[in-house]
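Participant: Sending over a structure as structure tokens; questions will come in a sec.
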Amino acid sequence: MSSRRGGRVLGTTLVLGALALGLCVGCAREEGEGVRVVASTSVLADICRNVAGRWARVTSLIPAAADPHGFQPTPGDLRSVAASDLIVLNGAGLEGALRDAMENAGLHAMVVEAGRGLPARTPGPDEVSFGEGADADPHYWLDPLLVVHYVRVIETALKTVDPAHAVAYAANADRYVARLEELDRWIGETVAVVPERRRLLVTDHLAWGYFADRYGFRLIGAVMSSVTSGGSPTARDLSDLVARIRELGVPVIFVDAAESPTLAKQVAAEAGVRVVDTLRFHSLTGPKGPASTYLTMMRFDVEQMVEALR
Numbered sequence: 258m259s260s261r262r263g264g265r266v267l268g269t270t271l272v273l274g275a276l277a278l279g280l281c282v283g284c285a286r287e288e289g290e291g292v293r294v295v296a297s298t299s300v301l302a303d304i305c306r307n308v309a310g311r312w313a314r315v316t317s318l319i320p321a322a323a324d325p326h327g328f329q330p331t332p333g334d335l336r337s338v339a340a341s342d343l344i345v346l347n348g349a350g351l352e353g354a355l356r357d358a359m360e361n362a363g364l365h366a367m368v369v370e371a372g373r374g375l376p377a378r379t380p381g382p383d384e385v386s387f388g389e390g391a392d393a394d395p396h397y398w399l400d401p402l403l404v405v406h407y408v409r410v411i412e413t414a415l416k417t418v419d420p421a422h423a424v425a426y427a428a429n430a431d432r433y434v435a436r437l438e439e440l441d442r443w444i445g446e447t448v449a450v451v452p453e454r455r456r457l458l459v460t461d462h463l464a465w466g467y468f469a470d471r472y473g474f475r476l477i478g479a480v481m482s483s484v485t486s487g488g489s490p491t492a493r494d495l496s497d498l499v500a501r502i503r504e505l506g507v508p509v510i511f512v513d514a515a516e517s518p519t520l521a522k523q524v525a526a527e528a529g530v531r532v533v534d535t536l537r538f539h540s541l542t543g544p545k546g547p548a549s550t551y552l553t554m555m556r557f558d559v560e561q562m563v564e565a566l567r
């Protein structure tokens, strides 16, 4: 899917015939109900909640166990989206199928892409062999300092749909930015114990490029040679990855907990390395889990990575 497809400037309104769905779009909110915000992923929803505070009701659309790259919304999902005041997407191609469904259904709500305006990263030839037209990496949120941009986009959108609480949104955003900066410092200090020669990342798909660039890691490759979790690697692809892992001494393959580890375990067995398949980088856990917020998700993942690589 193209990272440029379906881009929208802040404040874009989609009005494509929602009445065909029999939905009351743009109806007035009940007194005290608050702004209705729908975010595509649980990660984005958590960021939105931190900026909105008590002045908005935030829900996430894509379930924790679902793959955002290929998520197909149900009619019920579209009704939830249509009843919202603000829709927050990641953008950069992450929600291709969801965006298609939204545009086909027709909506009347402000739609913003939190990642819009950030420089896109395309995996280089030393990370994976891509043909022409390779998609850019949409996983900006794995670099906390890029999430600062998300926060400011969301803050601006909330001020637009609910100007009465603009001061509160600004204060909430500033507080959360301070926590993101603290997280960035913590990650830098925590990964410092990993020797440079072992800062090598092989993952289920090419999601960790922004993180690698920020904190001095190298992306060596991925089981799925793509910035999405789709695709079917050939036997030659997997054989080449095994050879690269052996050549560079990569000690571990990391897999998102929501993805199948089968192919990763096959590659790991042949290469003689281990698999860590408990990372959470597309979605959060439940409230009692180890990655119930964006901040705890990043700490959880970094701790596992450092333990496996040091």
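If you read the sequence shown in the working numbering, its first letter stands for residue 258, the second for the next number, and so on.
Just so you know, even glycine gets a beta-carbon here, dropped at the ideal spot from N, CA and C.
1. Quick one: measure Cβ to Cβ for residue 567 and residue 450, integer angstroms, because I've assumed they're closer than 8 Å.
2. Please look up how many angstroms separate the CB atoms of residue 380 and residue 463, rounded, as I've assumed it's under 8 Å.
3. I need the boundaries of the alpha helix (DSSP H) containing residue 428, first residue and last residue.
4. Use the C-beta contact count for residue 503: other C-beta atoms within 10 angstroms, 16 or more gives buried, fewer gives exposed.
5. Would residue 361 be called buried (16 or more neighbouring beta carbons within 10 Å of its own) or exposed?
6. Contact defined as beta carbons within less than 8 Å: I believe residue 296 pairs with residue 315. What is the distance between those atoms, to the nearest angstrom?
7. Based on the DSSP secondary-structure assignment, which residues constitute the bridge partners of residue 511?
8. If we require 3 or more residues per run, which beta strand (DSSP E) segments fall completely within the region 341-402?
9. Taking the alpha-carbon positions, what's the residue 562 to residue 370 distance?
10. Can you name the start and end residues of the alpha helix (DSSP H) that residue 559 belongs to?
11. What three-state label does DSSP hand residue 478 in the structure shown?
12. When we look at the beta-carbon of residue 420 and count the other beta-carbons within 10 Å, is it buried (16 or more) or exposed?
13. Ends of the beta strand (DSSP E) at residue 314?
14. Within this structure, are the beta carbons of residue 509 and residue 531 separated by less than 7 Å?
15. Measure the CB-CB distance between residue 392 and residue 350 and report whether it falls below 7 Å.
16. Okay, do the region 327-344 and the region 459-476 touch, 3+ Cβ pairs below 8 Å being the bar?
17. Quick check: residue 325 and residue 539, are their CB atoms within less than 7 Å of each other?
18. For residue 311, which option in 447, 290 and 559 has the closest C-alpha, if you only look at C-alpha atoms?
19. With a threshold of 6 Å, establish whether the CB of residue 498 neighbours any heavy atom of the ligand ATP.
20. Taking residue 341 as the reference, which of 476, 347, 452 and 313 has the closest Cα?
21. To the nearest angstrom, how far is the alpha carbon of residue 454 from that of residue 394?
22. For residue 542, which residues in the same chain have their Cβ closer than 6 Å to its Cβ, ignoring the five residues on either side in sequence?
Facilitator: According to the structure shown:
1. Residue numbering aside, residue 567 sits at position 310 when the sequence shown is read from its first letter. Residue numbering aside, residue 450 sits at position 193 when the sequence shown is read from its first letter. About 5 Å; that satisfies the 8 Å criterion.
2. The sequence position of residue 380 within the sequence shown is 123, counting from 1. The sequence position of residue 463 within the sequence shown is 206, counting from 1. Contact holds; Cβ gap of about 5 Å.
3. Stepping through the sequence shown from its first residue, residue 428 is reached at position 171. Judged by DSSP secondary structure, residue 428 falls within the alpha helix (DSSP H) whose first and last residues are 423-448.
4. For the purposes of this step, residue 503 is taken as residue 246 along the sequence shown, with counting starting at 1. Residue 503 comes out exposed.
5. Reading the sequence shown from its first residue, position 104 is the one you call residue 361. With a 10 Å radius around the Cβ and a threshold of 16 neighbouring Cβ atoms, residue 361 comes out exposed.
6. Reading the sequence shown from its first residue, position 39 is the one you call residue 296. Reading the sequence shown from its first residue, position 58 is the one you call residue 315. Right, the Cβ-Cβ distance comes to about 6 Å (below 8 Å), so this counts as a contact.
7. Position 254 of the sequence shown holds residue 511. For residue 511, which the question treats as bridged, DSSP gives the partners 460 and 533.
8. Runs found: 343-346 and 367-370.
9. Taking the first residue of the sequence shown as 1, we reach residue 562 at position 305. Taking the first residue of the sequence shown as 1, we reach residue 370 at position 113. Distance from the CA of residue 562 to the CA of residue 370, rounded to the nearest whole angstrom, comes to 29 Å.
10. Taking the sequence shown and counting its residues from 1, the one referred to as residue 559 is at position 302. Counting along the chain, the alpha helix (DSSP H) containing residue 559 begins and ends at 551-566.
11. On the sequence shown, position 221 is the one that residue 478 refers to. Strand.
12. The sequence position of residue 420 within the sequence shown is 163, counting from 1. Exposed, by the Cβ-count rule.
13. Translated into positions along the sequence shown, residue 314 becomes position 57. Residue 314 -> beta strand (DSSP E) spans 313-317.
14. Position 252 of the sequence shown, counted from the first residue, corresponds to residue 509. Position 274 of the sequence shown, counted from the first residue, corresponds to residue 531. In contact: residue 509 and residue 531 (Cβ atoms closer than 7 Å).
15. Mapped onto the sequence shown, residue 392 falls at position 135. Mapped onto the sequence shown, residue 350 falls at position 93. The answer is yes: Cβ separation under 7 Å.
16. The region 327-344 vs the region 459-476: no contact.
17. Against the sequence shown, residue 325 aligns to sequence position 68. Against the sequence shown, residue 539 aligns to sequence position 282. Closer than 7 Å, so yes.
18. In the sequence shown, counting from the first residue as 1, residue 311 sits at position 54. Minimum Cα distance to residue 311 is reached at 290.
19. By its list of ligands, the structure shown contains no ligand whatsoever, and the ligand ATP lies outside what it can speak to.
20. Taking the sequence shown and counting its residues from 1, one reaches residue 341 at position 84. For residue 341, the nearest C-alpha among the options comes from 313.
21. Counting from 1 along the sequence shown, the entry for residue 454 is found at position 197. Counting from 1 along the sequence shown, the entry for residue 394 is found at position 137. So the alpha carbons of these two residues sit roughly 25 Å apart.
22. Start at 1 with the first residue of the sequence shown, and residue 542 comes out as number 285. These residues qualify, in order along the chain: 548 and 549.
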